[in-house]
Amino acid sequence: MGGKILLAGIDIPGIRGFDVYRAHGGYAAVEKALREMTASEVGQEVNRSGLRGRGGAGFPTGLKWSFLDRKSDKPRYLVCNADESEPGTFKDRYLMQHLPHRLIEGLIISSYALGVNTCYIYIRGEFKYLVGILETAIMEARQHGFLGDRILGTDYSLNIYVHPGAGAYICGEETALLESLEGKRGNPRIKPPFPAFKGLYGCPTVVNNVETLAAVGPIILMGGETYSKIGRGKSTGTKLISACGNINNPGVYEIEMGLPVEDFIYAPEYCGGIANDKYLKAVIPGGSSVPILPADLMLNTAKGEKRLMTYESLADGDFETGTMLGSGGFIVYDEDACIVRNTWNLAHFYRHESCGQCSPCREGTGWMEKVLYRIEHGLGKMSDIDLLVRVAKNIEGNTICPLGDAAAWPVASAIRHFRKEFEFHVKHPETVKNIHHGALNIEEESLIPDSGTGIKYW
Amino acid sequence: MKVTIDNVQVEVEDGTTILQAARKIGGKLVPPAMCYYSKLKGSGGKCRTCLVKVAQSSAKDPRPMPKLVASCSTPVQDGMVVQNLTSPEVIEARKGVVEFLLLNHPLDCPVCDQAGECDLQDLSFGYGMDETATEEDRREFPVIDIGENIKLHMNRCILCYRCVYTAGQLTDKRLHGVMYRGDVSEISTFIGNAVTNEFSGNVIDVCPVGALTDKTFRFKSRVWFLKPMNAHRECSKCAGKTAVWMFGNEIYRVTGRKDEFGEVEEFICNECRFEKKDVNDWIIEGPRHITRQSVISANHYEESKKQSVINPIEGTMEIQE
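Chains S and E, in that order, give the protein sequences.
Counting from 1, position 136 in the first sequence corresponds to residue 135 in numbering that gives the first Met the number 0; the numbering is continuous, with no gaps.
Counting from 1, position 158 in the second sequence corresponds to residue 157 in numbering that gives the first Met the number 0; the numbering is continuous, with no gaps.
Okay, here's the thing in structure tokens:
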């Protein structure tokens with residue numbers, strides 16, 4: 000699972016240590032940025048690269064940095080969001096585990112560009128073993144003069160601290176993360192004010208994902224212009240995709256944006272096709288929060304074009320026939336997967352992780368989970384399906400933070416695309432009580448052979 | 000700074016929220032608020048009943064906001080156009096929120112002390128559905144005492160966080176807060192601790208539902224049988240300005256004086272609230288005004304300040320302001 004830009008050199012033994020990383024061109028970007036460039040030049044370079052937030056929203060990073068309140072006389076902070084807890088997403092963990100110095104390098108350059116002297120890495124509590132790895136990397140960087148006071152003899156000083164969370168998905172939301180970092184209950188804040196003006200301890204703060212910050216180093220080395228040529232359209236650069244589910248080669252892949260989804264699933268250097276010679280049924284392409292898509296809509300858009308791994312192409316057709324790239328947690332389901340059971344599982348997750356602060360999310364996630372539990376266990380009614388759609392609609396957009404949307408989208412999209420399967424569960428309660436996988440296949444099997452490639456999908 | 004809410008224009012200061020602007024206009028177009036409390040810093044944004052549609056963000060930027068916004072926490076901008084009752088989308092969303100709030104709220108209004116002065120009752124009357132769509136069990140918690148005089152019915156709680164802010168802002172030590180998360184989160188005190196300080200009773204007044212009730216008043220009387228009177232006394236801890244609720248010549252309970260939006264004018268101390276139940280303790284000023292819509296106004300008459308005059312042309316009776 001080698002890589003092109005972010006994961007470059009990951010196969011080199013000992014790359015986790017400073018010496019090997021340095022010997023392979025590590026920290027050259029820091030030297031270039033701090034010695035040859037001004038802070039605003041670094042910012043411009045990132046802006047030129049077209050880098051978009053890799054945490055899920057895909058917001059242009061350069062633009063986000065430009066919002067930072069630079070007039071305020073308060074200290075500024077950069078917070079690295081390493082609270083990666085989305086089901087299906089495990090790219091940041093992989094990057095931090097094997098290439099911690101790439102992240103540290105990105106953090107130093109980004110902090111320099113933002114004029115930040117204190118930087119925090121908020122890491123998920125379950126990633127306890129990564130805390131040691133990151134702290135070792137920070138210590139090594141400090142010993143070699145890349146961190147601490149007067150880095151590389153310049154006037155710039157920076158300290159990085161690692162802060163483990165306590166095991167809450169909601170703390171991946173940037174304002175909940177800041178609350179948690181301040182030592183409070185991880186409830187998302189009400190926006191406005193945005194963190195760029197009032198963030199950590201009421202000071203201007205930028206919160207970025209691990210992958211976004213790690214990409215800053217390579218961007219400085221190769222130049223924003225060059226980076227923006229990789230990829231396709233407004234989706235520039237490379238993206239880490241963590242592929243899992245019923246595929247032959249699960250793992251983390253660094254892909255160039257614009258790779259067709261079909262190639263990603265079936266090419267031997269990526270997922271390598273569906274395991275056990277089964278057929279593709281559905282894909283959740285961006286972590287559990289994004290809408291699920293059936294195979295035909297996943298491989299080709301509603302307009303008949305090939306669907307590509309870009310922010311735009313995956314969102315083509317909006318929520319009716321599209322989905323989102325999200326954080327890149329690529330979950331593949333084969334023909335045996337039971338969509339109802341899967342949706343119930345996700346609803347259970349969101350119910351468990353809702354912070355309970357605002358009423359639509361607190362009550363709605365629990366309600367959806369209970370109704371889905373009933374349907375999956377053969378106790379459902381036909382009216383429950385429309386009820387779920389209504390509840391999802393009432394949650395969506397009416398909550399403080401995006402967790403409400405994240406909980407509503409999987410349910411709404413599963414019913415939108417797989418309503419038949421939900422109806423099957425209601426009509427055949429005895430069958431679904433005993434069979435927990437792809438029960439609809441028993442009733443009817445509809446395989447659509449693709450004329451071009453000969454690949455059959457469900 | 001000019002802002003238009005439901006086609007009514009109002010001039011407000013910079014930094015005002017949409018809800019405050021609407022309250023300045025008053026009347027029916029004020030969005031309901033279950034969690035926002037103007038006297039508590041940081042409150043609001045949680046219940047989502049005050050959602051409104053911003054049809055025009057400002058005079059400079061005439062685009063509408065993409066989502067409905069919580070009016071209690073969104074500051075107004077010059078030239079903003081807000082739709083509350085005029086937007087069907089808002090009414091739909093609010094109905095949805097009320098349904099969520101009632102999802103786990105027990106139907107025990109007949110035995111609840113808050114009945115008659117409950118914000119959730121008013122809200123359900125305005126936006127609630129006729130029948131429930133859920134068949135799931137409601138969540139249940141034991142009824143506990145938090146402190147000597149306060150009872151907590153967690154079943155009724157809608158997690159507005161008002162009492163948490165009250166406890167955090169009126170007193171030095173944080174005595175209670177929210178435990179757990181999601182739909183099992185609950186208000187509670189630190190293990191076995193009681194809420195004991197001189198202003199703890201105010202959590203009863205700020206509670207929009209019957210989750211926190213006064214143990215000295217529980218099951219004594221329905222609120223609409225009582226007459227609220229303005230009263231005051233010399234108090235060393237608070238201003239001593241309260242509303243006493245009387246039946247005949249007896250004081251049944253003492254609360255803060257609530258304004259038309261259900262917010263107390265001044266927080267009162269526990270001594271005034273729980274201990275002074277004798278008429279001789281108080282200097283009674285006179286009856287409090289109650290809006291005609293309230294159930295408490297039953298059996299409660301007050302002298303009309305308006306004069307009736309005969310219109311000489313039409314020959315009809317008219318009420319003069």
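By construction, the Cβ of each residue, glycine as well, lies at the ideal position given by its N, Cα and C atoms.
Of all the CB atoms in chain S, is at least one closer than 8 Å to the CB of residue i?
| i | result |
| --- | --- |
| K66 of chain E | yes |
| E135 of chain E | yes |
| L50 of chain E | yes |
| L100 of chain E | yes |
| C237 of chain E | no |
| S57 of chain E | no |
| S42 of chain E | no |
| G181 of chain E | yes |
| S72 of chain E | yes |
| I17 of chain E | no |
| K45 of chain E | yes |
| S184 of chain E | yes |
| L158 of chain E | yes |
| V96 of chain E | yes |
| A92 of chain E | yes |
| N6 of chain E | no |
| V11 of chain E | no |
With a 10 Å radius around its C-beta and 16 neighbouring C-beta atoms as the bar for buried, classify residue i as buried or exposed.
| i | result |
| --- | --- |
| I318 of chain E | exposed |
| S287 of chain S | buried |
| W457 of chain S | The predicted model places W457 of chain S with a pLDDT of 49, which falls under 50 and marks its position as unreliable, so this point remains unresolved. |
| T280 of chain S | In the sequence under discussion, the amino acid at residue 280 of chain S is Lys, which differs from the Thr named in the question. Classification for K280 of chain S: buried. |
| G25 of chain E | exposed |
| K59 of chain E | exposed |
| M323 of chain S | buried |
| L106 of chain E | exposed |
| S110 of chain S | buried |
| G13 of chain S | exposed |
| H424 of chain S | buried |
| G1 of chain S | Only weak support is given to the placement of G1 of chain S: the predicted model assigns it a pLDDT of 44, under 50, and the value that follows is read from those uncertain coordinates. Looking at its Cβ environment, which holds fewer than 16 other Cβ atoms inside 10 Å, G1 of chain S is exposed. |
Using a beta-carbon distance below 8 Å, is residue i in contact with chain E?
| i | result |
| --- | --- |
| K63 of chain S | no |
| E444 of chain S | Low per-residue confidence applies at E444 of chain S: pLDDT is 48, beneath 50, and the placement is therefore not dependable enough to give any value. |
| L386 of chain S | yes |
| G396 of chain S | yes |
| K369 of chain S | yes |
| I189 of chain S | yes |
| S450 of chain S | Confidence at S450 of chain S is low in this model, with a pLDDT of 48, below 50, so its placement is unreliable and the value that follows should be read with caution. False, the Cβ-Cβ gap to chain E never drops below 8 Å. |
| G393 of chain S | With the sequence shown as reference, residue 393 of chain S is identified as Asn, and Gly is not the correct amino acid for it. Answer yes: the Cβ-Cβ gap between N393 of chain S and chain E drops below 8 Å somewhere. |
| I399 of chain S | yes |
| R184 of chain S | yes |
Based on the DSSP output, what are the partners of residue i in its beta bridges?
| i | result |
| --- | --- |
| G176 of chain E | E:S187 |
| F246 of chain E | E:E249 |
| I309 of chain E | E:M316 |
| G115 of chain E | Looking at the DSSP assignment, G115 of chain E forms no beta bridge with any residue, so it has no partner. |
| F329 of chain S | S:A242 |
| I17 of chain E | In the DSSP output, where bridge partners are listed per residue, I17 of chain E has none listed. |
I'd like the span of the alpha helix (DSSP H) that includes residue i, first residue to last.
| i | result |
| --- | --- |
| S109 of chain S | 99-113 |
| A136 of chain S | 127-142 |
| N341 of chain S | 338-352 |
| I120 of chain S | First-last for I120 of chain S: 117-122, but that is the beta strand (DSSP E), not the alpha helix (DSSP H). |
| T79 of chain S | Correcting the residue type first, residue 79 of chain S is Cys in the shown sequence and not Thr. Note, C79 of chain S: premise wrong, no alpha helix (DSSP H); beta strand (DSSP E) at 76-81. |
| D204 of chain E | 201-205 |
Check for me: the beta strand (DSSP E) holding residue i runs from which residue to which?
| i | result |
| --- | --- |
| C162 of chain E | Unbroken run through C162 of chain E is the alpha helix (DSSP H), 161-169; no beta strand (DSSP E). |
| H288 of chain E | Counting along the chain, H288 of chain E falls outside any beta strand (DSSP E), and DSSP gives it neither H nor E. |
| D144 of chain E | 142-144 |
| M228 of chain E | 226-231 |
| K280 of chain S | 279-283 |
| Y160 of chain S | 158-163 |
| D213 of chain E | 211-213 |
Contact residues within the segment 337-365 of chain S, judged by C-beta distance below 8 Å to chain E: Residues R350, H351, E352, S353, C354, G355, Q356, C357, S358, P359, R361, E362, G363, T364, G365.
Residues in the segment 122-139 of chain S having any Cβ partner in chain E nearer than 9 Å: Taking 9 Å as the Cβ-Cβ cut-off against chain E, none of the residues of the segment 122-139 of chain S qualify.
Interface positions of the segment 200-232 of chain S facing chain E (Cβ-Cβ less than 9 Å), listed along the chain: Within the segment 200-232 of chain S, no residue has a Cβ that lies closer than 9 Å to any Cβ of chain E.
Members of the segment 262-290 of chain E near chain S, C-beta cut-off 8 Å: none
Interfacial residues, the segment 288-309 of chain S to chain E, with Cβ spacing under 7 Å: none
Proximal residues, the segment 118-144 of chain E versus chain S, C-beta separation under 7 Å: A132, T133, E135
Interfacial residues, the segment 187-205 of chain E to chain S, with Cβ spacing under 7 Å: none
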